[in-house]
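Here is the structure we will look at.
Chains as they are written, first to last, in our numbering: chain A, 1 to 316; chain B, 317 to 606.
Okay, here's the thing in C-alpha cells:
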C-alpha cells in the first residue's frame with residue numbers, strides 16, 4: 001500500500017527536497033572543485049536514473065536500452081552547441097531528438113514485455129552504438145570532442161559556479177516534472193499497469209498508449225541528461241550509447257530503490273561516491289560494484305529507500 | 317581474389333563463427349526456456365572458458381585437455397551461481413534474476429582482470445590445426461574447419477541427447493512446463509541446476525574454441541553477449557532449432573557485413589534482427605508471444 005494521496009505528508013517532503021537542493025546549489029561556496037564536480041555528476045546521473053525509474057519503478061517496464069536517449073541527447077547537444085551557444089541548442093534540440101527516437105523505439109518495443117522488452121530495447125540502443133562507433137561525421141570511436149558550454153542571455157556558463165547553478169535548475173525542473181507525472185492520474189494508471197496489466201486493459205485503459213507516452217517522457221528526460229553529460233565533459237563518446245550505460249543507470253535505480261524518485265537520486269549519489277572513493281584505494285572498482293549490486297538484489301530488493309523504510313519505519 | 321573463392325572463404329568463416337554462436341546460445345535458450353531467466357552473465361561464462369583454457373594449456377601443455385577440463389570448471393562456477401544466488405530468487409519476479417546475472421558480469425570481468433591483467437592474451441591453436449588448407453581456391457586456416465566440424469558434431473550430439481534420451485525428455489518437459497514436471501515426481505530444482513551448469517559449461521567450451529580465433533581479453537564476454545542475444549531473438553526464445561538457425565544466419569550476416577560493407581558492418585546483425593522482429597516477432601522457431 002503506497003498510495004500517494006496528497007495530504008499533510010506532501011508539504012514537509014517537498015520542503016525537505018527544496019532545502020536539500022538549495023544546499024547543493026550553494027555548495028561551491030563551501031566545497032572545493034573536486035567535490036562540486038562529484039555533485040554535478042550526481043545531478044546529471046540523478047536525472048538519468050529518475051527517468052529510467054519512471055519506466056521501471058512506476059510502469060514496470062525494465063529497459064536495457066535507455067542509453068539510446070542519453071546518447072542521442074549528448075550527440076545532438078554536441079553538434080548543436082558547436083553551431084550556436086543558446087539554451088535551444090543545449091536543451092531543446094536534444095530533448096526533441098530524444099523524444100522522437102523514444103517514439104520510434106517505443107512504438108516497436110511496447111508490443112512485447114518482460115525479457116523480450118529488455119532484449120529489444122537493448123538491441124535498439126546497441127544499434128545506435130554500432131552506428132556512432134563507425135560514423136566518421138560523429139567522430140567514430142573518439143566521439144565528438146571540444147563541445148562548448150552554452151550561454152544564457154549572453155552570459156557563458158563555462159565557469160564551475162555558473163554551470164553548477166544551471167545544473168541545479170535543470171535538475172530541479174526535471175525532478176519537479178517527473179514528480180508531477182508520477183502523482184498525476186496518468187502516473188496512477190502507470191502503477192496500475194505495473195500491478196496488473198490485463199486488468200487495466202479490461203477496465204478499458206488504452207494500455208499501449210499509456211506505456212508509449214511513459215516511454216517518450218522518460219526518453220526525453222534521459223536525452224536532457226545526456227545533453228548535460230556532454231556539456232559537463234566537453235565531449236561525448238560512442239560509449240554513451242553502449243548498453244552498460246543503461247546498465248549503470250539500472251544499478252543506480254536498484255541500489256537506491258525502485259518506484260521512488262528520491263531513491264533513484266540516492267542510488268546515483270551512492271554509485272558516484274562509491275566509485276570515486278573505491279577507485280582512490282583500489283583498482284577493483286568493478287568487483288565491488290558487482291558485489292554491491294548482487295547483495296542488493298538478493299537481500300535488499302527495496303534498495304536504500306526500502307531498507308530505510310524497514311529500519312526506521314519511514315513511510316512512503 | 318576471384319569472386320567464387322572469396323565468397324566461399326567468407327561463407328566458411330561465417331560458418332565457423334555461426335557454430336561458435338550456436339554452442340554459446342544453446343545454454344542461453346535452454347536456461348530461458350526452463351527458468352524464464354535471460355542469463356546476462358552468459359557472455360561472462362564464455363570469457364571464463366577462454367581464460368580457463370589459457371590457464372589449463374599453460375599448466376598441461378595440451379589444448380585437448382583444456383578443451384575438456386575448462387568447460388567442467390566453468391560448469392562448476394555455474395552450479396555455484398545457480399545454487400547460491402539464483403535459487404533464493406525463484407519465488408520473485410523473473411526480472412530480479414535477470415538483474416542478478418547482470419551483477420555477475422562486473423564481478424567476473426574484474427576477477428579475470430585481477431588474475432590475468434587487462435591485456436589481450438593469444439591462445440595458439442593445437443599443432444595439428446596450425447596450418448591452412450585450400451578449399452575450392454579459398455585458403456582457410458585448418459583450425460576453422462575443425463571448429464565447423466566440431467560444432468556440427470556437437471549440434472548432432474545435443475540433438476540426440478535432448479530428443480532421444482530420458483534426460484532429454486525431462487529437460488524438454490521442464491522447458492514446456494516446469495511446475496507440471498515437478499508434479500510428476502521429478503526433482504525440478506536439480507534439473508534447474510543441471511541445465512544452468514550445462515549451459516555455462518557449453519558457453520565455457522565455446523570460449524576455449526574461440527580462443528585461437530579471437531584471443532582472450534576481459535571485455536570479450538560483454539562483447540559476445542549482444543550477438544548471442546540477437547541470435548536468440550532471431551531464432552526464438554527457448555527453441556534449440558531456432559538457436560541453430562539464428563546462429564548460422566547471424567554468423568553469415570556479420571562475416572559478409574565485415575567483408576562487403578566495412579563502414580556499416582556493425583549494423584548488419586541489427587538489420588537482420590529488426591527484419592525478423594517486424595515480420596515474425598516470436599522469432600523463426602519461437603512460441604507465439606503472450
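Note that beta-carbon positions come from the ideal geometry of N, C-alpha and C, so glycine has one too.
Treat the numbers as computed from the prediction; the structure is a model and nothing was measured.
Subject >> C-beta atoms of residue 80 of chain A and residue 68 of chain A nearer than 9 Å >> reply: Along the first chain, read from residue 1 onward, the residue named residue 80 of chain A stands at position 80. Along the first chain, read from residue 1 onward, the residue named residue 68 of chain A stands at position 68. Their beta carbons are not under 9 Å apart, which means residue 80 of chain A does not touch residue 68 of chain A by this criterion.
Original post:
For residue 598 of chain B, which of helix, strand or coil comes out of DSSP?
Top reply: Here residue 598 of chain B is taken as the residue at index 282 of the second chain, counted from 1. Coil, per DSSP.
Original post:
Would a check of beta-carbon distances place residue 291 of chain B closer than 9 Å to chain A?
Top reply: The structure shown does not extend to residue 291 of chain B, since chain B is modelled only from 317 to 606, so the question has no answer here.
**OP:** Going by CA-CA distance only, name the one from B:565, B:482, B:323 and B:414 that's closest to residue 454 of chain B.
**Re:** Residue mapping note: residue 454 of chain B aligns to position 138 of the second chain, counting from 1. Comparing Cα positions, the closest option is B:323.
Original post:
Skipping 5 residues on each side, what residues in its chain have a beta carbon closer than 7 Å to that of residue 141 of chain A?
Top reply: By one-based count along the first chain, residue 141 of chain A stands at place 141. The residues are 133 and 238.
**OP:** Quick one: residues in its chain with C-beta nearer than 6 Å to the C-beta of residue 52 of chain A, no 5 flanking neighbours on either side, listed in chain order?
**Re:** In the first chain, residue 52 of chain A corresponds to position 52, counting from 1. If we look at residue 52 of chain A and ignore the five residues flanking it on each side, its Cβ neighbours are 66, 249 and 253.
**OP:** Could you tell me which of A:175, A:98, A:258 and A:279 sits nearest to residue 74 of chain A, measuring between CA atoms?
**Re:** As a working mapping, residue 74 of chain A is identified with position 74 in the first chain. The candidate whose alpha carbon is nearest that of residue 74 of chain A is A:98.
**OP:** Give every residue of the same chain whose Cβ lies closer than 6 Å to the Cβ of residue 438 of chain B, excluding the five residues on either side of it in the sequence, and list them in chain order.
**Re:** Here residue 438 of chain B refers to the residue found at position 122 when the second chain is read from its first residue. Within the same chain, residue 438 of chain B has close Cβ partners 531.
**OP:** Kindly list the residues whose CB is nearer than 6 Å to the CB of residue 315 of chain A, restricted to its own chain and excluding five residues on each side of it in sequence; keep chain order.
**Re:** In the first chain, counting from the first residue as 1, residue 315 of chain A sits at position 315. Low per-residue confidence applies at residue 315 of chain A: pLDDT is 47, beneath 50, and the placement is therefore not dependable enough to give any value.
Original post:
At a Cβ threshold of 9 Å, is residue 187 of chain A touching chain B?
Top reply: By one-based count along the first chain, residue 187 of chain A stands at place 187. Residue 187 of chain A does not count as touching chain B.
**OP:** May I have the straight-line CA-CA distance separating residue 413 of chain B from residue 87 of chain A, to the nearest angstrom?
**Re:** In the second chain, counting from the first residue as 1, residue 413 of chain B sits at position 97. In the first chain, counting from the first residue as 1, residue 87 of chain A sits at position 87. In a straight line, the C-alpha of residue 413 of chain B is about 42 Å away from that of residue 87 of chain A.
Original post:
Does residue 199 of chain A come within less than 9 Å of chain B when only Cβ atoms are used?
Top reply: Taking the first chain and counting its residues from 1, the one referred to as residue 199 of chain A is at position 199. By this cut-off, residue 199 of chain A is not an interface position.
Original post:
Cα separation between residue 495 of chain B and residue 115 of chain A?
Top reply: In the second chain, the residue the question calls residue 495 of chain B occupies position 179. In the first chain, the residue the question calls residue 115 of chain A occupies position 115. Roughly 20 Å separates the two Cα atoms.
Subject >> Environment of residue 509 of chain B [buried if 16+ CB atoms lie within 10 Å] >> reply: Numbered from its first residue, the second chain carries residue 509 of chain B at position 193. Flag for residue 509 of chain B reads buried.
Subject >> Nearest neighbour of residue 58 of chain A, chosen from A:123, A:183, A:147 and A:230 [CA to CA] >> reply: Translated into the one-based positions of the first chain, residue 58 of chain A becomes position 58. The shortest Cα separation from residue 58 of chain A among A:123, A:183, A:147 and A:230 belongs to A:183.
**OP:** Return helix, strand or coil for residue 437 of chain B, following the three-state DSSP convention.
**Re:** Translated into positions along the second chain, residue 437 of chain B becomes position 121. Reduced to three states, the DSSP call for residue 437 of chain B is strand.
Original post:
When burial is assigned at 16 or more other CB atoms within 10 Å of the CB, is residue 61 of chain A buried or exposed?
Top reply: Within the first chain, numbered from 1, the residue matching residue 61 of chain A stands at position 61. Buried, because 16 or more other Cβ atoms sit within 10 Å of the Cβ of residue 61 of chain A.
Subject >> Residue of A:212, A:288, A:143 and A:305 minimising C-alpha distance to residue 240 of chain A >> reply: Translated into positions along the first chain, residue 240 of chain A becomes position 240. For the residues A:212, A:288, A:143 and A:305, the minimum Cα distance to residue 240 of chain A belongs to A:143.
Original post:
Does the beta carbon of residue 424 of chain B come closer than 9 Å to any beta carbon on chain A?
Top reply: Translated into positions along the second chain, residue 424 of chain B becomes position 108. Taking Cβ atoms only, chain A reaches closer than 9 Å to residue 424 of chain B, which makes this a yes.
Original post:
Do residue 160 of chain A and residue 33 of chain A come within 9 Å of each other at the CB atom, strictly closer than that value?
Top reply: For the purposes of this step, residue 33 of chain A is taken as residue 33 along the first chain, with counting starting at 1. For the purposes of this step, residue 160 of chain A is taken as residue 160 along the first chain, with counting starting at 1. Taking 9 Å as the Cβ cut-off, residue 33 of chain A and residue 160 of chain A qualify as a contacting pair.
Original post:
In terms of residue numbering, what span does the beta strand (DSSP E) encompassing residue 280 of chain B cover?
Top reply: Since the first residue of chain B shown is 317 and the last is 606, residue 280 of chain B is not available in this structure.
Subject >> Exposure of residue 443 of chain B, with buried meaning 16 or more beta-carbon neighbours within 10 Å >> reply: If you number the second chain from 1, residue 443 of chain B lands on position 127. Classification of residue 443 of chain B: exposed, given that the 10 Å Cβ count is below 16.
**OP:** State the Cα-Cα distance for the pair residue 15 of chain A and residue 126 of chain A, rounded to the nearest angstrom.
**Re:** Within the first chain, residue 15 of chain A is the residue found at index 15, counting from 1. Within the first chain, residue 126 of chain A is the residue found at index 126, counting from 1. When rounded, the distance between both Cα atoms is 41 Å.
Original post:
So what's residue 159 of chain A in DSSP terms, helix, strand or just coil?
Top reply: Taking the first chain and counting its residues from 1, the one referred to as residue 159 of chain A is at position 159. Three-state DSSP puts residue 159 of chain A in coil, outside helix and strand.
Original post:
Comparing the C-beta of residue 601 of chain B with each C-beta of chain A, is any distance below 9 Å?
Top reply: Locating residue 601 of chain B in the second chain gives position 285, where the first residue counts as 1. No, no contact with chain A.
**OP:** Determine the extent of the alpha helix (DSSP H) in which residue 353 of chain B is found, giving its start and end residues.
**Re:** One-based indexing of the second chain puts residue 353 of chain B at position 37. Element bounds for residue 353 of chain B: n/a, residue is neither H nor E.
Original post:
In whole angstroms, what is the alpha-carbon distance linking residue 569 of chain B and residue 600 of chain B?
Top reply: Within the second chain, the letter at position 253 stands for residue 569 of chain B. Within the second chain, the letter at position 284 stands for residue 600 of chain B. Roughly 16 Å between the two C-alpha positions.
**OP:** Using the DSSP secondary-structure output, state which residues sit across from residue 532 of chain B in a beta bridge.
**Re:** Mapped onto the second chain, residue 532 of chain B falls at position 216. Beta-bridge pairing links residue 532 of chain B to B:437.
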